[in-house]
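Participant:
Residue numbers (the numbering used here): 1 to 117.
#1: Near residue 76, what residues of its chain come up, given a Cβ to Cβ distance below 8 Å and the 5 sequence neighbours on each side ignored?
#2: Buried or exposed: where does residue 83 fall if 16 or more other Cβ atoms within 10 Å of its Cβ makes it buried?
#3: Can you tell which of 95, 53, 49 has its C-alpha closest to the C-alpha of residue 69?
#4: Under a three-way DSSP split, which group does residue 115 fall into?
#5: Kindly indicate which three-state DSSP category residue 104 falls into: helix, strand or coil?
#6: Taking only the alpha-carbon atoms, compute the straight-line gap between residue 57 and residue 38 and give it to the nearest angstrom.
#7: Going by beta carbon distance, what residues of the same chain come within less than 6 Å of residue 90, once the five residues before and after it are set aside?
#8: Indicate whether residue 106 and residue 73 have their beta-carbon atoms separated by less than 8 Å.
#9: If I measure Cβ to Cβ from residue 55 and keep anything under 6 Å in the same chain, skipping five residues before and after, which residues do I get?
#10: Please report the distance separating the alpha-carbon of residue 115 from that of residue 85.
#11: Just the Cα atoms here: how many angstroms apart are residue 80 and residue 63?
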């Protein structure tokens, strides 16, 4: 019985030593600073493949200019994949991007980059 009392007091002493002071613990009343939400950016694009030709339309509804590029991966190993030139899609502007393969198209995507215009 005496052994359990000494074990209990030793455990309580260790817990008191290991616990951080009250000031070190965060208070629930203090709200943490939240990061500002990211600025909306990026034109919405839709693409259409007709045979070996690709057309993409990108509309930018945001105030920041978006640099969009059309990328085309062709299905045949000997057919060259293409990366189109960057086109600036200004605020409330729609741009058309075109490209083609000699034969079939495997995949199409549009990349975006923030421009400082």
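Where is the CB? At the ideal position from N, CA and C, for every residue including glycine.
Facilitator: Judging by the given coordinates:
#1: Indexing the chain shown from 1 puts residue 76 at position 76. Around residue 76: 101, 102, 103, 104.
#2: Looking up residue 83 in the chain shown gives position 83. Its Cβ having fewer than 16 others within 10 Å, residue 83 is exposed.
#3: Looking up residue 69 in the chain shown gives position 69. The option with the nearest alpha carbon to residue 69 is 95.
#4: Taking the chain shown and counting its residues from 1, the one referred to as residue 115 is at position 115. Of the three classes helix, strand and coil, the one that applies to residue 115 here is coil, per DSSP.
#5: Counting from 1 along the chain shown, the entry for residue 104 is found at position 104. In the structure shown, residue 104 sits in coil (DSSP, three-state: anything other than H, G, I, E or B).
#6: For the purposes of this step, residue 57 is taken as the residue at position 57 of the chain shown. For the purposes of this step, residue 38 is taken as the residue at position 38 of the chain shown. So the alpha carbons of these two residues sit roughly 25 Å apart.
#7: As a working mapping, residue 90 is identified with position 90 in the chain shown. So the list reads 65, once near-sequence residues are dropped.
#8: As a working mapping, residue 106 is identified with position 106 in the chain shown. As a working mapping, residue 73 is identified with position 73 in the chain shown. In this structure, residue 73 lies closer than 8 Å to residue 106 by Cβ.
#9: Taking the first residue of the chain shown as 1, we reach residue 55 at position 55. So the qualifying residues of the chain are 48, 98.
#10: Translated into positions along the chain shown, residue 115 becomes position 115. Translated into positions along the chain shown, residue 85 becomes position 85. Distance between the alpha carbons of residue 115 and residue 85: 14 Å.
#11: In the chain shown, residue 80 corresponds to position 80, counting from 1. In the chain shown, residue 63 corresponds to position 63, counting from 1. Going by the C-alpha atoms only, they are around 35 Å apart.
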